[in-house]
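Taking this note's numbering, the leading residue of the sequence shown gets 14, the next gets one more, and so forth.
Have a look at the structure below, then the notes.
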Amino acid sequence: MSTKSPITLAVANQKGGVAKTTSVASIGAALAELGHRVLLVDLDPQACLTFSLGIDPEDLEVSVHHVLTKGVDPLEIIIETEDGVDVLPATIELARAEADLLTRTGREHVIKGALEQLAEDLGDEAYDWVLLDCPPSLGVLTVAALTAADGVLIPLQCETLSHRGVGQLLDTVHDVRRFTNRGLEVWGVLPTLYDGRTNHARTVLETISETYDLEVVEPPIPKTIKFAEAPAAGRSILSTSRSSKGAQAYRAVAENLVERAARPKARKKPAKKAAAKKTAAR
Numbered sequence: 014m015s016t017k018s019p020i021t022l023a024v025a026n027q028k029g030g031v032a033k034t035t036s037v038a039s040i041g042a043a044l045a046e047l048g049h050r051v052l053l054v055d056l057d058p059q060a061c062l063t064f065s066l067g068i069d070p071e072d073l074e075v076s077v078h079h080v081l082t083k084g085v086d087p088l089e090i091i092i093e094t095e096d097g098v099d100v101l102p103a104t105i106e107l108a109r110a111e112a113d114l115l116t117r118t119g120r121e122h123v124i125k126g127a128l129e130q131l132a133e134d135l136g137d138e139a140y141d142w143v144l145l146d147c148p149p150s151l152g153v154l155t156v157a158a159l160t161a162a163d164g165v166l167i168p169l170q171c172e173t174l175s176h177r178g179v180g181q182l183l184d185t186v187h188d189v190r191r192f193t194n195r196g197l198e199v200w201g202v203l204p205t206l207y208d209g210r211t212n213h214a215r216t217v218l219e220t221i222s223e224t225y226d227l228e229v230v231e232p233p234i235p236k237t238i239k240f241a242e243a244p245a246a247g248r249s250i251l252s253t254s255r256s257s258k259g260a261q262a263y264r265a266v267a268e269n270l271v272e273r274a275a276r277p278k279a280r281k282k283p284a285k286k287a288a289a290k291k292t293a294a295r
């Protein structure tokens, strides 16, 4: 029996405060609105994604930590949310997972293995999309997420210093391609906290695109207070402020990602480390 394979997208940026978790929750909810079955995986020990979807991490006895370090079945831990997506939640215990996994053989494949087992167990009911909310670091969990992913999406705040870490992330992607996941593709940069009134934001975006030769996923996500209000309600902005510019932008991004997923895989160019291009960013 063939197993349905979900599209697995890692959302990663080791710099905090770039609306990474907001993007995972909002894109997930937008994909669910389009009729896709969606699983969100919280890989951040701060458990912001879990909390923002209305789940108190302190009330949980088991979490993604137990899936990755104890071999617990993900089906026992997945929680349905009011936004139409399922979540594999995190707790502060996940902070120990880095140390627990460091000495383990095959640690880079621990998320990939769990997701493959989940798809096999669900069969025809498997998810269409799995979005991985990576921690704000380039440690074991991020590498394991990139190893499990078909693509990586990089949320990026459109400010001068915000792209300094992109080169490091691309170096990690390069290494993951070499050693653990030859098929990993960079789907592009998602501009967040975007203030369309300034030329500065557009200039930063063009600099990033040119320096690292990355596609820009449109439309940019506008800066709005509505995003801060949504987690307090335990819902995504698509539920709390359905017609806001932010919600509409994430719906358009989700539609563009669906189109991106349908593209045939590009033939690989010889990979060059991002470090070679960093001088152009200075």
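C-beta atoms are modelled at their ideal positions from N, C-alpha and C, and glycine is treated no differently.
* State the DSSP-derived secondary structure class of V230, mapped to helix, strand or coil. => Within the sequence shown, the letter at position 217 stands for residue 230. If DSSP states are grouped into helix, strand and coil, V230 belongs with coil.
* **Whole-angstrom distance between Y225 and G180, CA atom to CA atom** => Locating residue 180 in the sequence shown gives position 167, where the first residue counts as 1. Locating residue 225 in the sequence shown gives position 212, where the first residue counts as 1. Their backbone Cα atoms lie some 8 Å apart in a straight line.
* **Extent of the continuous beta strand (DSSP E) run through E95** => By one-based count along the sequence shown, residue 95 stands at place 82. Per DSSP, E95 is not a residue of any beta strand (DSSP E), being assigned neither H nor E.
* **Assigned exposure category for F297 - 16 Cβ within 10 Å defines buried** => In the structure as shown, the chain starts at 14 and stops at 295, and residue 297 therefore has no counterpart that could be examined.
* Asked: Given that a residue counts as buried once 16 or more other Cβ atoms are within 10 Å of its Cβ, and exposed if not, what is L115?
  -> As a working mapping, residue 115 is identified with position 102 in the sequence shown. Classification of L115: exposed, given that the 10 Å Cβ count is below 16.
* Rank D96, D113, P102 and L88 by C-alpha distance to the C-alpha of V153 and give the top, closest one. => Looking up residue 153 in the sequence shown gives position 140. Nearest of D96, D113, P102 and L88 to V153, Cα basis: D113.
* Residues bridged to L53 by DSSP? -> Counting from one through the sequence shown, the residue named residue 53 turns up at place 40. In DSSP, L53 forms a bridge with V100 and L144.
* **P149 - containing alpha helix (DSSP H), residue span** => In the sequence shown, residue 149 corresponds to position 136, counting from 1. Judged by DSSP secondary structure, P149 falls outside any alpha helix (DSSP H); it is assigned neither H nor E.
* Outcome for S76 when other beta-carbon atoms lying within 10 angstroms are tallied against a minimum of 16 -> Position 63 of the sequence shown, counting from 1, holds the residue named residue 76. Buried, since its Cβ has 16 or more Cβ neighbours within 10 Å.
* Asked: If we call anything under 7 Å between Cβ atoms a contact, is Y263 one with S18?
  -> Here residue 263 refers to the residue found at position 250 when the sequence shown is read from its first residue. Here residue 18 refers to the residue found at position 5 when the sequence shown is read from its first residue. At least 7 Å separates the beta-carbon of Y263 from that of S18.
* A127 burial status per 10 Å Cβ neighbour count (16 or more: buried) -> Locating residue 127 in the sequence shown gives position 114, where the first residue counts as 1. Under this definition A127 is a buried residue.
* **Straight-line Cα distance separating P204 from V165** => Here residue 165 is taken as the residue at index 152 of the sequence shown, counted from 1. Here residue 204 is taken as the residue at index 191 of the sequence shown, counted from 1. In a straight line, the C-alpha of V165 is about 14 Å away from that of P204.
* Asked: If we ignore side chains and look at the alpha-carbon of each, how far apart do W142 and K125 end up?
  -> Counting from one through the sequence shown, the residue named residue 142 turns up at place 129. Counting from one through the sequence shown, the residue named residue 125 turns up at place 112. Cα to Cα, W142 sits roughly 14 Å from K125.
* Ignore the nearest five residues each way along the sequence and tell me which others in A108's own chain have a CB closer than 8 Å to its CB. => For the purposes of this step, residue 108 is identified with residue 95 of the sequence shown, where counting begins at 1. Cβ neighbours of A108 within its own chain (closer than 8 Å, five residues either side excluded): P58.
* **Cut-off 8 Å between Cβ atoms - residues of its own chain near V80, not counting five sequence neighbours on either side** => As a position in the sequence shown, residue 80 is number 67, starting the count at 1. Take V80, set aside five residues on each side of it, and the residues of its chain with a beta-carbon closer than 8 Å to its own are D86, P87, I90, L101 and A127, in chain order.
* Could you give the residue range of the alpha helix (DSSP H) that holds Q261? -> Numbered from its first residue, the sequence shown carries residue 261 at position 248. Q261 -> alpha helix (DSSP H) spans K258 to A274.
* Could you check which residue in E172, P168 and S256 has the C-alpha nearest to that of C147? => By 1-based counting over the sequence shown, the position of residue 147 is 134. Nearest of E172, P168 and S256 to C147, Cα basis: P168.
* Asked: DSSP three-state call for P204: helix, strand or coil?
  -> As a first step, residue 204 is located in the sequence shown; it is residue number 191 there, counting from the start. Three-state DSSP puts P204 in a strand.
* **Check: P168 C-beta below 6 Å from any heavy atom of the ligand PLP** => Only the bare structure without any ligand can be found here, which leaves the ligand PLP out of the picture.
* Asked: DSSP on G84, reduced to helix/strand/coil?
  -> Residue 84 sits at position 71 when you count from the first residue of the sequence shown. DSSP places G84 in coil when its eight states are reduced to three.
* Buried or exposed: K28, going by 16 or more other Cβ atoms within 10 Å of its Cβ? -> Sequence index remark: in the sequence shown, residue 28 carries index 15 (1-based). The Cβ neighbour count for K28, taken over all protein chains shown within 10 Å, is at least 16; the residue is labelled buried.
* Contacts around S65, its chain only, beta-carbon distance under 6 Å, and the 5 residues preceding and following it disregarded -> Here the question's residue 65 lines up with position 52 in the sequence shown. Cβ neighbours of S65 beyond the five flanking positions: A38 and P244.
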